[in-house]
Amino acid sequence: MMIKNYKEEFLTKYIKAKPFIISEEINSDLDTAISLYLKLKNISKYSFLLESAEKDNNKGRYSAIGLLPDLIWNVIRTL
28 MMIKNYKEEF LTKYIKAKPF IISEEINSDL DTAISLYLKL KNISKYSFLL ESAEKDNNKG
88 RYSAIGLLPD LIWNVIRTL
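If you're matching positions, the sequence shown starts at 28 in the working numbering and goes up one per residue.
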């Protein structure tokens, strides 16, 4: 696992109230995006998992797990 030091950049953006993404590269030999999401989803009432997909391939290259949102869209009616 490669953990990057985001402290200075995070503090700068936090003070300015700007959104910030923290990322980690992990070897997926033991966990999948879905298994990690299932372990983390109970941290927040609202969460999501986004995965990229390659054409004609079941596996994607990137996954994103979102927790503790600042804003929630509630769609009441669609077209």
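Here a beta-carbon is modelled for each residue, glycine too, at the ideal position from N, C-alpha and C.
Given the structure is predicted, the values throughout are model-derived calculations rather than measurements.
Our contact map puts residue i next to residue j with C-beta atoms below 8 Å; I'd like the distance itself, whole angstroms only.
i, j, result
"Ser71", "Leu94", "4 Å"
Going by the CB atoms, is the gap between residue j and residue i shorter than 8 Å?
i, j, result
"Ser90", "Ala44", "no"
"Lys68", "Ser74", "yes"
"Ile103", "Leu63", "no"
Three-state secondary structure (DSSP) at residue i?
i, result
"Ala60", "helix"
"Glu81", "coil"
"Leu76", "strand"
"Tyr99", "The sequence shown places Ile at residue 99, rather than the Tyr named in the question. Note: Ile99 maps to coil in three-state DSSP."
Closest by CA to residue i, which one among the options?
i, options, result
"Ser50", "Lys34, Leu106 and Asn101", "Lys34"
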